[in-house]
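A quick write-up on the structure given underneath.
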Ligand code: DAH
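Numbering (the numbering used here), first residue to last: 1 to 325.
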C-alpha cells in the first residue's frame, strides 16, 4: 500500500511537469471523485485495521500536497493571464490623440447673425414669414398685379392653390403691417427662391434681409441714415452707401443701393413704401410714411469676405467652409 501511495505521488510529479496546460484535467485525474487519491482511500478497505490510521494520514498528506501544488499553479497561471491581458489593453498615453472636428456656423448663418445683431442694437425687431408664400403676399399686396412685367424678373416655383416659393422677403412687410399698428421697425431675414440658372452671381436659393420702418414723419433721410449706419457697422467706418434712382413696384421713390468697398458694389433695393402698399394693409398714407430696403445676404458676405462665386456657399466644400470657423 505504501508503494501505491508513492507511485501516485511520482505519477503526479511526472504529470504536473508535462501537463501544466491542463490543470483542470489534472485535478480531476488525481482529486476527482473517481480519481487516484479516491482510489487509494478505496484500497484502505483491504489493509489491516491497525495500519489504516497511519495510511489514512499518509493519503491525506498526499492529497494536501497535490491540492497545494495545483492551487499554486492555478494562481500562477491566473497571474500570467492577467498580465498578458493588461499588456494587450495597455494604453500608450504618449500617442497623439484623435482630433475631433469641431463644427461651426455656416458663413451665411454667421452673416445673418451679425446683421441681426446690428439691427437689434438699432431698435429693430426681427420678423419671419413662410417660405411657401401666397401669391397675394409675394406679389399683389406689394403692388405687383398679375401680368405686371416685374414678375418676369422674379419667376419662381409655383405650387398648387396660388402658392409659390417666395422670391423675396418683402411679403413679410405685408404680414407685419397686417398684424401690427405703426410705429413699425422690423427686419426680416430669410431664404428666398427664384428660377434662376446657377452662375457666379445667381442661385435658385438665396437669402435676403428686408427692413421696414413705418411711422409718422418718416422721410428718405431716415432711410439714408439707417442704411449708412448699418453699412459702417457691417463693413467699416469709411464705407459709404450710394442711392441711385430705380424702380421697385412697392416703393416710390425707389433706389438701388451700392457701397464703396473697393469700387461701387450693388447691394440691393430700397425706397419709400408705396402708398398703394400702405392702403393694401389699411394704413392711411396721409398719416403714415415708411421706408423699406432689401439686401442680399450672400451679396453682403461675398463683398465682405471677397468670395467670387455664390455657388461656393452651397457646395459643402470643407476647404471653403473651414476658412470661416
Ligand atoms: N424685394 C426686392 C428684390 O428682391 C428688393 C427690395 C427693393 C426690397 C426695394 C425692398 C425695397 O424692401 O424697398 O429685388
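Every residue, glycine too, gets a C-beta built ideally from N, C-alpha and C.
query, result
"Nearest CA to the CA of residue 11: which residue from 22, 26 and 1?", "26"
"With DSSP run on the structure shown, which of helix, strand or coil describes residue 107?", "helix"
"Measure from the C-beta of residue 129 to each C-beta in chain D and report whether the shortest distance is under 8 Å.", "Considering every chain present, this structure includes no chain D. It has just one protein chain."
"Going by other Cβ atoms of all chains shown within 10 Å of its Cβ, with 16 needed for buried, is residue 295 buried or exposed?", "buried"
"Note down, in chain order, each residue of its chain lying with its Cβ closer than 8 Å to the Cβ of residue 162, except the 5 sequence neighbours on either side.", "134, 135 and 136"
"Beta-carbon within less than 6 Å of residue 278's beta-carbon, same chain only, minus the 5 sequence neighbours each way: which residues are those?", "285"
"Since residue 202 contacts residue 310 with CB under 8 Å, what's their CB separation in whole angstroms?", "7 Å"
"Out of curiosity, what's the CA-to-CA distance linking residue 246 and residue 130?", "28 Å"
"At which residue ranges does the region 162-233 contain complete beta strand (DSSP E) runs of 3 or more residues, listed in the order of the chain?", "163-165, 184-193 and 205-215"
"Is residue 324 near residue 107, with beta carbons less than 8 Å apart?", "yes"
"Given residue 86, which residues of its chain have a CB within under 6 Å of its CB, disregarding the five upstream and five downstream residues?", "none"
"In angstroms with no decimal places, state the Cα-to-Cα distance between residue 186 and residue 101.", "37 Å"
"Does the Cβ of residue 133 lie closer than 7 Å to at least one heavy atom of the ligand DAH?", "no"
"Let me confirm a value: residue 95 is counted as buried when at least 16 other C-beta atoms fall within 10 Å, else exposed. Which label applies?", "exposed"
"Can you give the Cα-Cα distance for residue 223 and residue 97, rounded to whole angstroms?", "54 Å"
"With three or more beta-carbon pairs closer than 8 Å as the criterion, would you say the region 301-310 touches the region 107-117?", "yes"
"With distances taken from CA atoms, which of 251, 255 and 250 is nearest residue 241?", "255"
"Whose C-beta lies closer than 6 Å to the C-beta of residue 115 among residues of the same chain, with five residues either side of it excluded?", "209"
"Name the DSSP beta bridge partners of residue 236, please?", "Looking at the DSSP assignment, residue 236 forms no beta bridge with any residue, so it has no partner."
"Is the separation between the beta-carbon of residue 127 and that of residue 172 shorter than 8 Å?", "yes"
"Mind checking whether the beta-carbon of residue 168 lies closer than 7 Å to any heavy atom of the ligand MN?", "With respect to the ligand MN, the structure offers nothing, as its ligand set consists of the ligand DAH."
"Does DSSP classify residue 93 as helix, strand or coil?", "coil"
"Is it true that the region 181-200 meets the region 150-158, where meeting means three or more beta-carbon pairs spaced less than 8 Å apart?", "yes"
"Are the CB atoms of residue 287 and residue 271 nearer to each other than 8 Å?", "no"
"Got a sec, what are the start and stop residues for the beta strand (DSSP E) residue 291 sits in?", "289-296"
"When DSSP labels each residue in this structure, what does residue 99 get in the three-state scheme?", "coil"
"Would DSSP call residue 16 helix, strand or coil?", "helix"
"Are residue 5 and residue 69 touching if we call contact CB-CB under 8 Å?", "no"
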